[in-house]
Amino acid sequence: MLRKTAAAAVLALASLTQAAMAEEHEVLMLGFGYFPEVIHPVPGDTIRFVNAGNIAMAATATDESWSTGLMIAGAEVTVPVVDGMTRDYDNRLPADLVGTVVEATPELRVVGRVAWDEPSPDLLDLDGRPSPDAVAAIE
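In mature numbering (1 follows the signal peptide of the UniProt record, and there is no 0), the protein residues as written are -22 to -1, 1 to 117.
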């Protein structure tokens, strides 16, 4: 009986550890773009899209394999990050929502990228302060 209890405890701890390692990444939809434009999750993480703008928006994979659907201002949608998912997305509406793909005009098209194969930029120096490169990028 003690062995079964110990085994169950080990399995429960292992599943909690796995869940604790997954992270949620937030992308703000601002009407004129996504912030940040590039995120660095890994498979198993999730992306929470939050429409913080004042117009309806969508985030749709360029091959339409995933989409948030049309989100009104204030809406939130969570998308799981899975190995092999299409990483580039834009603000078009998916064909299943409107019958055919509705492309944004070039001046209104906004794009984003899920980039787990690219390292996240490190913009801090060894003391934890913004590096000169980070300051130059802001100016």
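We treat Cβ as the ideally placed atom computed from N, Cα and C, and that holds for glycine.
DSSP beta-bridge partners of residue i
i	result
F13	L6
D23	P21
N29	M7
Nearest-angstrom Cβ-Cβ length linking residue i and residue j, presumed shorter than 8 Å
i	j	result
W44	T64	7 Å
A93	I17	7 Å
Assigned exposure category for residue i - 16 Cβ within 10 Å defines buried
i	result
V60	exposed
G62	exposed
L104	exposed
T78	Low local confidence applies: a pLDDT of 49 at T78 is under 50, so the model's placement there is unreliable, with the coordinate-based value given in what follows. T78 is exposed by the Cβ-count criterion.
P14	exposed
A36	buried
M49	buried
Unbroken beta strand (DSSP E) run spanning residue i, endpoints
i	result
P58	54 to 58
V92	89 to 92
D66	66 to 68
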